[in-house]
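Each protein sequence line maps, in turn, to chains A and B.
Residues in the first sequence are numbered consecutively from 1, following the numbering used here.
Residues in the second sequence are numbered consecutively from 1, following the numbering used here.
2 protein chains.
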Amino acid sequence: MASIREVAAEAKVSPGTVSKVLNERGNASISRATQARVREAAERIGYHPSSIARGLAGMRMNAIGVVMAYDEESLTSDPYLGPCLDGLLSIYKQERQKVTLFLEQNWDAALQNIPFYGDGHCDGLALIIPRTTHPIVDTLRSQRPHLPFVLVGDSREGEGLTCIDLDNVSAGRMATEHLISLGHRRIAAFQGNADFCSNDQRFKGYRDALASAGLPYDPEIVYPGVYFAESGVENVRRMQKQFTGDNRSGRPSAIFCFSDSIAFGALEALRKYDIHMPTEISVIGIDDLTTTAQQRGLTTIRQSVRSIGQRAAIALLGLARGEITPGFRDLQLPELVLRSSTVALQQ
Amino acid sequence: MASIREVAAEAKVSPGTVSKVLNERGNASISRATQARVREAAERIGYHPSSIARGLAGMRMNAIGVVMAYDEESLTSDPYLGPCLDGLLSIYKQERQKVTLFLEQNWDAALQNIPFYGDGHCDGLALIIPRTTHPIVDTLRSQRPHLPFVLVGDSREGEGLTCIDLDNVSAGRMATEHLISLGHRRIAAFQGNADFCSNDQRFKGYRDALASAGLPYDPEIVYPGVYFAESGVENVRRMQKQFTGDNRSGRPSAIFCFSDSIAFGALEALRKYDIHMPTEISVIGIDDLTTTAQQRGLTTIRQSVRSIGQRAAIALLGLARGEITPGFRDLQLPELVLRSSTVALQQ
DNA sequence: CAGCTCAGGGAAAACGGTTTCCCTGAGGCG
DNA sequence: CGCCTCAGGGAAACCGTTTTCCCTGAGCTG
Numbered sequence: 001m002a003s004i005r006e007v008a009a010e011a012k013v014s015p016g017t018v019s020k021v022l023n024e025r026g027n028a029s030i031s032r033a034t035q036a037r038v039r040e041a042a043e044r045i046g047y048h049p050s051s052i053a054r055g056l057a058g059m060r061m062n063a064i065g066v067v068m069a070y071d072e073e074s075l076t077s078d079p080y081l082g083p084c085l086d087g088l089l090s091i092y093k094q095e096r097q098k099v100t101l102f103l104e105q106n107w108d109a110a111l112q113n114i115p116f117y118g119d120g121h122c123d124g125l126a127l128i129i130p131r132t133t134h135p136i137v138d139t140l141r142s143q144r145p146h147l148p149f150v151l152v153g154d155s156r157e158g159e160g161l162t163c164i165d166l167d168n169v170s171a172g173r174m175a176t177e178h179l180i181s182l183g184h185r186r187i188a189a190f191q192g193n194a195d196f197c198s199n200d201q202r203f204k205g206y207r208d209a210l211a212s213a214g215l216p217y218d219p220e221i222v223y224p225g226v227y228f229a230e231s232g233v234e235n236v237r238r239m240q241k242q243f244t245g246d247n248r249s250g251r252p253s254a255i256f257c258f259s260d261s262i263a264f265g266a267l268e269a270l271r272k273y274d275i276h277m278p279t280e281i282s283v284i285g286i287d288d289l290t291t292t293a294q295q296r297g298l299t300t301i302r303q304s305v306r307s308i309g310q311r312a313a314i315a316l317l318g319l320a321r322g323e324i325t326p327g328f329r330d331l332q333l334p335e336l337v338l339r340s341s342t343v344a345l346q347q
Numbered sequence: 001m002a003s004i005r006e007v008a009a010e011a012k013v014s015p016g017t018v019s020k021v022l023n024e025r026g027n028a029s030i031s032r033a034t035q036a037r038v039r040e041a042a043e044r045i046g047y048h049p050s051s052i053a054r055g056l057a058g059m060r061m062n063a064i065g066v067v068m069a070y071d072e073e074s075l076t077s078d079p080y081l082g083p084c085l086d087g088l089l090s091i092y093k094q095e096r097q098k099v100t101l102f103l104e105q106n107w108d109a110a111l112q113n114i115p116f117y118g119d120g121h122c123d124g125l126a127l128i129i130p131r132t133t134h135p136i137v138d139t140l141r142s143q144r145p146h147l148p149f150v151l152v153g154d155s156r157e158g159e160g161l162t163c164i165d166l167d168n169v170s171a172g173r174m175a176t177e178h179l180i181s182l183g184h185r186r187i188a189a190f191q192g193n194a195d196f197c198s199n200d201q202r203f204k205g206y207r208d209a210l211a212s213a214g215l216p217y218d219p220e221i222v223y224p225g226v227y228f229a230e231s232g233v234e235n236v237r238r239m240q241k242q243f244t245g246d247n248r249s250g251r252p253s254a255i256f257c258f259s260d261s262i263a264f265g266a267l268e269a270l271r272k273y274d275i276h277m278p279t280e281i282s283v284i285g286i287d288d289l290t291t292t293a294q295q296r297g298l299t300t301i302r303q304s305v306r307s308i309g310q311r312a313a314i315a316l317l318g319l320a321r322g323e324i325t326p327g328f329r330d331l332q333l334p335e336l337v338l339r340s341s342t343v344a345l346q347q
C-alpha cells in the first residue's frame, strides 16, 4: 500500500507536512499551493492512510465494538438484536466508523474478554446487556486506559452510566393504565426474566399504575417467567389451574404481558383453553413486533429498537469524542398501539 | 495499558525476549527459567498486547471483515443475513478473531469503500454477495497488498474465486425432479432476481432436470421475479390470467418457486384465486425457512445458511493463513424436505 | 590453553503514521 | 541597514510490537 512517505516524495514535501494537510491540522501554516500539491499527489498515488498506524500514533481508530451476550443463533432468533444492530450500523456507516461485533455466550464470557475488547482495536463499546447486575460494568469502568461505553437496552440506575433504552417504567405504566381505562380491575402480570433490568422496571410501572388508580395489588396474579412465548403458554395454564371451580370469579379480566412474545404464547394458550379473547380476557404486550402483532391483533406498547440502536450509536460517538459526558441517559418514550386484543370490561 | 517494556523491566529481560516468549517464537533459544519469569511478569502486570501495534509490525490482525450490501434494515428483514452471520461468528469466536461488519446499501458503495476495508484493519474479507457480476471482485483481486476474500452465497464461475454456497444447480434439479417424480409434466418456474447468481443456477438445474426427463421446456411458464413473497403473489396472478378460458388446460400442475418467500406468496395467492393446493397445483420452494414452511406445510429444498456461514469462516481463515489457496469451492448439498404442498399429479 | 560451537539473550531497525519543536528566510519597522 | 516577527515547512521522536542480526560467555575439543 502506498505510504505517506511516497506521497511526500511525490509532492516534494516532508511526511509531516502531508499528515498535516490531509488531517487539516495546522493548515494555517501550510500554504495553499502546498496543500493542493499534497492532495493531488495523494490522489494520484491512490493513498489511503493505514488505520492501524494511525491508531498506534494515538489517534482514534474510528471503530467501535458492539458486545452482545446471547445464544449462538441469536441474530437469527432474537427479535431485539437485528433491529438494534441495524440502527447502530446505519449511524456508523454514515460516520465512516467501523463496527466490530463481539458475540458472547453470556456475560461472564464477556467479562473474561474485556482485555480483548480493549486491546486498541476500538475507541468505545456498545453493550447490549439486559441484565440488572453484572460486574462487567464495574470492570469496564476501572479499566486503564478508560474505554468509553454505553448500555443499550438497559437503563439501570448508576452513577455515570450512559444508558439508551426504552423508558420501561412508563411502558409498564402505560400498558396497565390502558387496561384500567377500559374498566379492568384485576390485571394479571406475565413477567419476563427476573434478572433483566427491563423486567423490574416494567413491573414498577405496573404497580405505579395500580396505585395511582387506587387498585389493590395482588401478588397472586403476578406470574414470573421469561421473555419467550412458552412462558406465556405456561402462565395461562397456571392461571387457569389457579382460578377454577369456586375461584373462577377471581380470574383476572386482563393480562399485561411484559413482551409481545409472551403475549403470543398467551393468546395461543387462551385459544387452547377456550377462553375467548378479548371478550373474556384482554391481552396487551410490549414491543410491537409489528408483522405478527398486526396479524394477531395484539394491542401493545411500541418500542422502536432500531431508533434505540441509532441513539446509542450517536451517544457512544459523542462519548468517544468527549462531546458528551458519561451519565447521559436517553430513554425512549413508549407509544400505545391499539389493536383488537383489548376491549372494555364486559359487565 | 501495560506495555511490553514494562513486562520486560519486571522480568529483567529485553522487550524482544518478552515478545519471543509470549509468541512462542524461537523458544528453543530462551531458557525455561527465563520463559517462566516472563510469563509470570506478564501475568502480574496484567499485560495484553496491543493488537494494533502488532498489526503495524506486520503480524496478522486476527480480524476479518464481513461486507454485505443490502438495505438498511436487512439484518431485521432478510432471512439470509442473520443465520449466515451467526455461522460466521460462531467460528470466529472460538478462533478469537474479531469480526468487523460493513453494511453497504449496494455493491457500488462497497466498491468505493475497498480502500477502507483494506486499510490494515482486517486480514481478510467475507463478501455476502448474491450478484452475478460485479466489479468489486476484480478490484479486490488487483488490490495491493492482496486482501484475501471469500464469496458467501455466491458460486459464480471464475478463476481463483473462493466460493461457499449452496449447490444451486443441484437444488434446482432436485426440486424439479421431485415434481417430475410425482408425475408432473408442466412445471412453472417462479424465478428470483434476474441478476442473482443463485437464480441462474437454480434455473439451470430446472432445465437440466426437464431435459433429463425428456420433458419439453416451455418459456411461457417461466416467470421472472424477485426473491420476495410479493413476487409469488404477482406471478400467480399472471399465470391465472394467462391460463383462463380455453387455455385453462395448459395450466401447469406444479410450481417450482426459487425461494420459500416466493412460495409463501404463491400459496397466499392460490388461496385467493381458489386454486386448491396441492390437489390442483403442487408447490415447492428452496430454503426451508423452517418455522413458516412447517406451519404452511411447504415442501422445499433445505439449505443450511448457518452452516454456509461457518464453512465460509473456516475457508477465509485458511486463506488468510495460507493453508488453502484461492479457487477453493465448497458447495453444500441440498436436501429435500417433504411436506404437504406437493402431491402426485391427479389424473 | 587456544579455538570453536552453540545456547541465551540483547540492540536496533522497521511498520506507517502524528506531533512537537525548531530552523530558515522574507518582510516590516525603526 | 540591522533586528524582530512570523509564515512555511522540515527533522526527529514516539506509539508498541516483531524480527533480524549480533554479541557474550560457557563448555567442549584437540
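C-beta: ideal position from N, C-alpha, C; glycine also.
Please read all numbers here as calculations on a predicted model, not as lab measurements.
Counting along the chain, the unbroken beta strand (DSSP E) around residue 98 of chain B starts and ends at 98-104. Nearest C-alpha to residue 79 of chain A among A/345, A/321, A/305, A/326: A/305. Take residue 297 of chain B, set aside five residues on each side of it, and the residues of its chain with a beta-carbon closer than 6 Å to its own are 339, 340, 341, in chain order. Here the C-alpha atom of residue 54 of chain A lies approximately 8 Å from the C-alpha atom of residue 60 of chain A. Within 9 Å of the CB of residue 99 of chain A, the CB atoms of chain B belong to 100, 101, 102, 103, in sequence order along the chain.
The DSSP assignment places 114-117 as complete runs of the alpha helix (DSSP H) inside the region 108-138 of chain B, in order along the chain (cut-off: 4 residues). Between the region 29-37 of chain B and the region 46-53 of chain B, the count of Cβ pairs shorter than 8 Å is below three; the stretches do not touch. Nearest to residue 329 of chain B by C-alpha distance, out of B/86, B/153, B/13, is B/153. Secondary structure of residue 344 of chain A (DSSP, three-state): coil. For residue 65 of chain B, no alpha helix (DSSP H) segment is defined; the enclosing uninterrupted segment is the beta strand (DSSP E) at 63-69. When only Cα atoms are considered, residue 301 of chain A and residue 63 of chain B end up about 40 Å apart. Taking a cut-off of 8 Å for Cβ pairs, the region 218-227 of chain A and the region 158-178 of chain A do not touch, as fewer than three such pairs fall below it. CA-CA distance, residue 128 of chain B to residue 234 of chain B, rounds to 28 Å.
Taking a beta-carbon distance threshold of 8 Å, residue 76 of chain B counts as an interface residue toward chain A. Inter-residue distance for residue 179 of chain B and residue 245 of chain B is about 26 Å (C-alpha atoms, whole angstroms). Annotation: the region 155-194 of chain A contains the following complete segments of the alpha helix (DSSP H) (minimum length 4 residues), in chain order: 168-181. In the three-state DSSP reduction, residue 319 of chain B falls in the helix class (H, G or I).
The straight-line gap separating the alpha-carbon atoms of residue 108 of chain B and residue 136 of chain B is approximately 8 Å. For the pair residue 82 of chain B and residue 81 of chain A, the Cα-to-Cα distance works out to about 10 Å. Secondary structure at residue 95 of chain B: coil, using DSSP grouped into helix, strand and coil. A Cβ-Cβ distance of about 6 Å is found for the pair residue 91 of chain A and residue 314 of chain A, placing them in contact under the 8 Å criterion. Residue state for residue 301 of chain B is assigned as strand, using DSSP reduced to three classes. Residue range 260-272 is occupied by the alpha helix (DSSP H) that includes residue 264 of chain A, with no beta strand (DSSP E) assigned at that position.
Pairing residue 312 of chain A with residue 123 of chain A gives a Cβ-Cβ distance that is not under 8 Å.
Between residue 272 of chain B and chain A, the shortest Cβ-Cβ separation is not below 8 Å.
Taking C-beta atoms as the reference points, residue 206 of chain A and residue 172 of chain A count as a pair closer than 8 Å.
Taking C-alpha positions only, residue 4 of chain A is separated from residue 16 of chain A by approximately 9 Å.
If you compare the alpha carbons of B/131, B/333, B/26 with that of residue 197 of chain B, the shortest gap goes to B/131. Against chain B, a Cβ distance below 9 Å from residue 59 of chain A picks out nothing, because the smallest value is about 10 Å.
Counting C-beta atoms within 10 angstroms of its own C-beta, residue 117 of chain A has 16 or more neighbours from the protein chains shown and is therefore classed as buried. Contacts with chain B at 8 Å (Cβ-Cβ) do not include residue 146 of chain A. When DSSP reads this structure, residue 331 of chain B sits in a beta bridge with B/165.
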